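Accompanying notes for the structure given below.
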Amino acid sequence: MHELAVTESILQIAEKHSLKANAKKVTDIFLVIGNLSSIVDDSVVFYWEMISKDTVCEGSVIHFNRIPATMYCLVCDNTFEIPGELIPCPNCGSYQLKIQSGEEFFLESIEIER
Amino acid sequence: MATEKVQVVEKILDANDQVASQNETLLSQAGVFSINIMASPGAGKTSVILKTIEKLSGKMRIGVIEGDTAPVTIDADKVLAMGMPAVQINTGGQCHLDAMMIDRALKHIDYKALDLIIVENVGNLICPAAFKIGTHANVVISSVPEGDDKPYKYTNIYRGIDVLLINKIDLLPYLDFRMDYFQQGVEILNPGLTTFKVSCKTEEGFDQWILWLSQQVNEFKNRVHA
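Quick note, the sequences are listed as chains A and B, same order. Here my numbering is used: position 48 in the first sequence is 48, and no number is missing along the way. Counting from 1 along the second sequence, just add 114 to a position and that's the residue number in my numbering.
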């Protein structure tokens, strides 16, 4: 349920950069979100439509580039994707693991009209 | 009309993180050590805080910032009853504290007169993990009745914390809580994490936590005054 706060931050960042670029309108927002981040895309889109109204971002589309959560097994060198909760290495059953990706959480770019 | 791509590459919660680092600077300059206590509802956050105050009273000056989603002052009142200053933050339904709330709370507490500030975050294992608030150490309190699978399901809360308390260990004989399994999950997420197994009820293990916390406060003071 912290999607509202997150969506407000996205709007602030997008507005700041659109102003810097002298944009008349923002058409697209590109986010990069690792699957370890507990964010629900649909909720972000829901709030986005509400809070971007009457701003330079009104009507823009949010794109989510979802990065899989992958683990590295310290025992057998296997790299594998986890489904959301921690699971042992499917190759050797070990729990000696290291997180390799999935913690990304940033706004990559915006698409604007001048 | 032709559109144009503008590169941004900015962390989504950057604005919050910046206020968090301002809070940290403010507290560091005043020589006040601060901890952020996160846990699910009912894990024993308030009990641990009250017991900690009891153990440290007379040894250091402690202030508490209480976060709750509802407009109640139950927790702050308990702290005030022990003669320590407390500020209650009501998040108005929000599921976590953020750096701006701490910034405002610090205006209502004479933090410069304190040695330690304890922030009690909103009871939740998901949202508080995403929002830095600017404390010097992040603490999670897990409790035995919650079950031993929590690190496997709520991975984020165990990342980036500095100390873990496993509370209510007096209930271990009555519950199917596999301590090895629980700690194995934590080890993947946060290798070598400082962990204390405690019971607020019997006070088992509590002295080690108090010793750790006192050391942190003293070392911090020495660093600041060095």
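Beta carbons: idealized from backbone N, C-alpha and C, even for Gly. Being a predicted model, the structure only gives us computed values, none of them experimental.
- Within the same chain, C73, L74, V75, C76 and P88 come within 8 Å of S94(A) by CB-CB distance, once the 5 residues on both sides are set aside.
- Taking 9 Å as the cut-off, the beta carbon of I51(A) is found closer than this to the beta carbon of L11(A).
- Neighbours of G299(B) across chain A, judged by C-beta separation under 7 Å: L86.
- Within the region 261-297 of chain B, the runs of alpha helix (DSSP H) at least 4 residues long that lie entirely inside it are, in chain order, 264-267 and 269-272.
- Looking at the DSSP output, E108(A) sits in no beta bridge, so it has no partner there.
- Listed along the chain, the chain B residues whose CB falls inside 8 Å of the CB of V75(A) amount to none; the nearest CB is some 12 Å away.
- Listed in chain order, the positions of the region 34-59 of chain A with a beta carbon within less than 7 Å of a beta carbon of chain B are L36 and S38.
- Around the C-beta of M293(B), fewer than 16 other C-beta atoms lie within 10 Å, and the residue is accordingly described as exposed.
- A contact between stretches requires three or more CB pairs, one per stretch, nearer than 8 Å, and the region 190-210 of chain B meets this requirement with the region 232-244 of chain B.
- Listed in chain order, the positions of the region 280-313 of chain B with a beta carbon within less than 7 Å of a beta carbon of chain A are Q298, G299 and I302.
- The CB of K267(B) comes closer than 9 Å to the CB of G84, E85 and L86 in chain A, given here in chain order.
- Leaving aside the five residues that flank Q322(B) on each side, the residues in its chain whose CB is nearer than 7 Å to its CB run, in chain order, F310.
- Ranked by Cα distance from K226(B), the options T139(B), S135(B), V120(B) and E333(B) are led by T139(B).
- Straight across, the Cα-Cα distance linking G172(B) with D42(A) is about 52 Å.
- Contact note: S9(A) reaches chain B through I126, L127, D128, A129 and N130, using a C-beta cutoff of 8 Å and chain order.
- Counting the other Cβ atoms within 10 Å of the Cβ of V123(B) gives fewer than 16, which makes it exposed.
- When rounded, the separation of the alpha-carbon atoms in M71(A) and I82(A) is 7 Å.
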